[in-house]
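Under full-length UniProt numbering, the first residue of the sequence shown is numbered 1, with each subsequent residue one higher. From the three backbone atoms N, C-alpha and C, an ideal C-beta is built for every residue, glycine too.
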Amino acid sequence: MERIKSGNKISSITLIELRDYWLEKRRSRKFPARADIDPVEFPNLLPQIALVDVTYDPLRFRYRLIGTTITAISERDATGHFIDENLYGERTENMLWAFKTCVHTKTPVAVREQVQFVKKERVVVEVLVLPLGETDDRVDMALVCLEIINSLEKAPAMGTSLTLDWSD
């Protein structure tokens, strides 16, 4: 997958809403703790949200919770599974890249790419991966939001991932 740092901002209102909530909850820290996040405060976003546990030695990522919109478009519920458990085939390393980058940099990662889900047409998605942790030294979990973007004019070429500017 070719990654292009586009300089483009997130265009999804849903991702912007979650980003703003995350920024408010982090206060003066690098990122908020899981306990700071209350899903009751953003019920309209829950279908597009996933919570991903981060484990170390070795570094792996396991779906703790996956929203109904994500399970519907992917036609499976991967709750409880590790991302590297052959869930994504040849796209596995691309999926892992966003999570690994979030953990190593301890900052959010936002991407826009064209993907093809099982038995579906290609769609353009924006994804935001937000770090969560008890201390600023270690990411324990990622709060993820995915939105399908209907505008094909924003579509990067297949096999290209645009890294977006997540800041406000």
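Please report the distance separating the alpha-carbon of residue i from that of residue j.
i: T79; j: F42; result: 21 Å
i: R19; j: L162; result: 18 Å
i: K30; j: T107; result: 8 Å
i: E134; j: V40; result: 20 Å
i: K9; j: D84; result: 29 Å
i: D165; j: N86; result: 30 Å
i: R76; j: D57; result: 28 Å
i: I16; j: I37; result: 16 Å
i: E24; j: A157; result: 34 Å
i: I73; j: E93; result: 20 Å
i: I149; j: S12; result: 7 Å
i: T71; j: V111; result: 19 Å
Just to confirm, is the Cβ distance from residue i to residue j under 7 Å?
i: E147; j: E126; result: yes
i: G51; j: G67; result: Looking at the sequence itself, residue 51 is Leu, so the reference to Gly does not match. No, Cβ-Cβ distance for L51 and G67 is not below 7 Å.
i: V54; j: V129; result: no
i: E2; j: T105; result: no
i: A155; j: V124; result: yes
For residue i, I'd like the list of residues in its chain whose CB is within less than 7 Å of its CB, leaving aside the five on either flank, ordered along the chain.
i: L65; result: A50, L51 and T79
i: C102; result: P108, V109, V129, P131, V139 and A142
i: A33; result: L132, G133 and E134
i: G7; result: D165
i: T14; result: L45, Q48, C145 and E147
Within a Cβ cutoff of 6 Å, which residues of the same chain sit near residue i, ignoring the five residues on either side of it in sequence?
i: W22; result: L130
i: F82; result: R60 and R62
i: K5; result: T163
i: D137; result: none
i: D168; result: none
Taking only heavy atoms of the ligand PLP into account, decide whether any of them is closer than 6 Å to the Cβ of residue i.
i: M95; result: No copy of the ligand PLP appears in this structure; indeed no ligand is present at all.
Enumerate in chain order the residues of its own chain whose CB-to-CB distance from residue i is below 8 Å, with the five nearest sequence positions on each side excluded.
i: V144; result: I49, A50, L51, V52, V127, L128, V129 and L130
i: T69; result: P47, Q48 and L146
i: K100; result: L59
i: R26; result: P32 and D36
Would you mind listing the beta strand (DSSP E) stretches within the stretch 13–77 that are 3+ residues and don't spill past its ends, in chain order? For the beta strand (DSSP E) assignment, the uninterrupted runs of no fewer than 3 residues enclosed by the stretch 13–77 are, from N- to C-terminal side, 49–55 and 60–66.
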